[in-house]
Structures are given as C-alpha cells and as structure tokens.
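In this note's numbering, the protein residues as written are 47 to 267. Here's the structure, in structure tokens; my notes come after.
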Ligand SMILES: C[S@@+](CC[C@H](N)C(=O)[O-])C[C@H]1O[C@@H](n2cnc3c(N)ncnc32)[C@H](O)[C@@H]1O
C-alpha cells in the first residue's frame with residue numbers, strides 16, 4: 047500500500063479529538079519511561095531544545111520543560127494541545143513550551159537544522175503508511191542539526207493486538223477505534239539508513255500490555 051486511506055487517517059484525527067475531549071489527561075501527568083531515557087540521551091548530546099511529535103496532552107513535553115529543555119510540542123489534536131497548554135501554565139513551565147497543531151503526513155513546519163533533538167512516543171505507529179513514515183523520518187532528519195538525536199517508540203509485530211481487528215493493509219490494524227501500524231524490525235532498520243542506530247530497546251507499557259520498541263538514532267556531526 048502506498049498511502050493510508052485518507053478517510054482512515056481523517057477518521058483517526060476525529061477519534062483522537064473525541065478521546066481527549068472525553069478523557070482529559072488520559073495518559074496521566076507522570077512522564078513515560080521513554081521520555082526519562084530521552085532526557086538523559088538529549089542532555090548527554092548537549093541538546094537545549096526538543097521537538098516532540100504526537101505530544102497529546104503533554105505528559106512528556108511538560109517533563110522535558112521541567113528538566114530545563116525548551117520544547118516545541120506538536121499534535122494533530124487541538125484538544126490535546128489545549129490540555130497541554132493548561133497544564134504548562136499550572137506547572138509554570140509555559141515560558142519553555144510552544145505548541146503547534148500539525149499532521150505529520152505534512153512536512154514539518156520548521157527550518158532545516160533548527161532543532162537539537164526529536165522525541166515521538168507512539169506516533170510513528172499511528173495510521174501512517176510505510177511511505178508516510180519514511181517521509182516523516184526524512185523530515186525529522188531535515189530539521190535536526192548535525193549530531194542531533196531522535197528517540198521514537200512504536201508498537202511492533204510482537205504486540206498482542208498485532209493482527210486483531212480490521213486489517214487496512216501495510217501492517218495497519220484498527221482495534222477498539224484506534225488504528226495502529228505494527229512495526230516489523232526491517233522497518234526500524236530501513237528508517238535508520240544514513241543514521242547511527244544507537245539502540246533498539248524492547249519494553250512494555252500499560253495494562254494490555256502494549257509491546258514496543260524504543261529506538262534511539264543520531265545524525266553524523
Ligand atoms: C498513542 S498517542 C501518544 C500521545 C503521547 N505521545 C503520549 O505518549 O502521551 C498518539 C498521539 O499521536 C497523535 N497523532 C496520531 N496521528 C497523528 C498525525 N498524523 N499527525 C499528528 N499527530 C498524530 C494523536 O492525536 C495522539 O495524541
């Protein structure tokens with residue numbers, strides 16, 4: 047499949063809007079385990095600013111801000127980002143966090159080599175085709191400065207929900223209203239071409255549990 051059907055992607059946007067509206071702050075206020083790892087990796091690489099893609103209501107963006115990074119948080123759900131901004135004000139880190147509504151199927155709205163680090167927890171495995179995922183990682187590469195670090199996580203083909211629900215082709219399955227692109231290992235390796243692949247770490251999150259890989263890759267200096 048060359049592109050995820052437009053109607054699936056658009057329906058997913060509405061689904062995430064409705065989900066954040068009915069379950070405000072659904073992921074809680076504590077940072078995810080991958081964000082804690084990323085903060086250490088970003089600091090070790092000398093990063094000062096972080097771009098987070100698919101930030102949702104901001105459990106991780108706000109953690110990066112509390113850790114002293116300047117954060118640009120994007121998501122295609124305005125409702126999630128509104129909750130993020132409210133929480134940023136309450137936590138008094140709003141001066142370090144900016145938000146932008148953005149669909150990652152479109153080019154990133156940032157100049158070349160303008161960010162130190164990029165973080166994306168469970169975003170690349172959303173309703174995106176393999177072609178769209180490659181284009182997105184190309185955009186991440188464009189906006190990262192030389193030596194920049196990219197940490198992302200994805201559900202993979204060892205996940206309990208792999209193959210469950212409605213099949214949309216291209217390893218995309220829709221289950222309980224959420225569409226997920228389950229990553230095969232070959233896709234991780236293909237996305238790291240031209241990068242240094244620092245680590246692929248398997249971990250679990252949530253009650254199901256979701257089975258994920260945390261991938262850390264960096265650009266040559
Ligand atoms: C599984 S949630 C993870 C949210 C956040 N990273 C976290 O872990 O708390 C996936 C997020 O990606 C966003 N998303 C899904 N598809 C997107 C797209 N095409 N462009 C931008 N954001 C998208 C959803 O709105 C949602 O906030």
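C-beta atoms are modelled at their ideal positions from N, C-alpha and C, and glycine is treated no differently.
Would you be able to state if there are at least three C-beta pairs under 8 Å between the region 114 to 123 and the region 138 to 150? yes
Compare the beta carbon distance of residue 197 and residue 105 with 8 Å and say whether it is the shorter of the two. Start at 1 with the first residue of the chain shown, and residue 197 comes out as number 151. Start at 1 with the first residue of the chain shown, and residue 105 comes out as number 59. No; because the gap between Cβ atoms is not below 8 Å, this pair is not in contact.
Within 8 Å, do at least three Cβ pairs link the region 129 to 145 to the region 98 to 113? yes
Is the region 211 to 218 touching the region 234 to 249 in the sense that three or more CB pairs, one from each, lie closer than 8 Å? no
Under the criterion of a Cβ to heavy atom distance below 7 Å, does residue 106 qualify as lining ligand 1? Taking the chain shown and counting its residues from 1, one reaches residue 106 at position 60. Residue 106: yes, Cβ under 7 Å from ligand 1.
At a cut-off of 7 Å, would you count residue 73 as near ligand 1, judging by its Cβ distance to the nearest heavy atom? Locating residue 73 in the chain shown gives position 27, counting from the first residue. Flag set: Cβ of residue 73 near ligand 1.
Kindly indicate the opening and closing residues of the beta strand (DSSP E) around residue 198. Reading the chain shown from its first residue, position 152 is the one you call residue 198. 190 to 201 is the extent of the beta strand (DSSP E) around residue 198.
CA-CA distance, residue 203 and residue 88? If you number the chain shown from 1, residue 203 lands on position 157. If you number the chain shown from 1, residue 88 lands on position 42. Going from the Cα of residue 203 to the Cα of residue 88 covers about 28 Å.
Between which two residues does the alpha helix (DSSP H) carrying residue 61 extend? Taking the first residue of the chain shown as position 1, residue 61 is located at position 15. Note, residue 61: alpha helix (DSSP H), 52 to 68.
Less than 7 Å between C-beta atoms, sequence neighbours within five positions excluded: which residues of the same chain meet that for residue 187? The residue given as residue 187 occupies position 141 in the chain shown. Contacts found: 265.
With hydrogens ignored, establish whether the beta-carbon of residue 100 is closer than 7 Å to any heavy atom of ligand 1. Position 54 of the chain shown, counted from the start, is the residue given in the question as residue 100. Answer for residue 100: yes, Cβ within range of ligand 1.
Span separating the alpha-carbon of residue 254 from that of residue 173: Here residue 254 refers to the residue found at position 208 when the chain shown is read from its first residue. Here residue 173 refers to the residue found at position 127 when the chain shown is read from its first residue. Near 20 Å, if we compare the C-alpha coordinates of residue 173 and residue 254.
Less than 7 Å between the CB of residue 173 and some heavy atom of ligand 1, yes or no? Here residue 173 refers to the residue found at position 127 when the chain shown is read from its first residue. Because some heavy atom of ligand 1 lies under 7 Å away, the Cβ of residue 173 counts as near it: yes.
Residue 126: buried (16+ other C-beta within 10 angstroms of its C-beta) or exposed? Here residue 126 is taken as the residue at index 80 of the chain shown, counted from 1. The residue is buried, with at least 16 neighbouring Cβ atoms inside 10 Å.
Find out if the Cβ-Cβ distance for the pair residue 112, residue 193 is shorter than 8 Å. Residue numbering aside, residue 112 sits at position 66 when the chain shown is read from its first letter. Residue numbering aside, residue 193 sits at position 147 when the chain shown is read from its first letter. Contact: no.
Mind checking which residues open and close the beta strand (DSSP E) that includes residue 243? On the chain shown, residue 243 is found 197 positions in, with the first residue counted as 1. Its beta strand (DSSP E) spans residues 242 to 251.
Pull up the distance between the alpha-carbon of residue 156 and that of residue 65, whole angstroms please. Within the chain shown, numbered from 1, the residue matching residue 156 stands at position 110. Within the chain shown, numbered from 1, the residue matching residue 65 stands at position 19. Near 28 Å, if we compare the C-alpha coordinates of residue 65 and residue 156.
Start and end of the alpha helix (DSSP H) containing residue 158? The sequence position of residue 158 within the chain shown is 112, counting from 1. Per DSSP, residue 158 belongs to no alpha helix (DSSP H) and is neither H nor E.
Whose CA, out of 256, 57, 100, lies closest to the CA of residue 229? Here residue 229 refers to the residue found at position 183 when the chain shown is read from its first residue. Nearest option by C-alpha distance: 256.
Alpha carbon to alpha carbon, what distance is there between residue 241 and residue 154? If you number the chain shown from 1, residue 154 lands on position 108. If you number the chain shown from 1, residue 241 lands on position 195. Roughly 19 Å between the two C-alpha positions.
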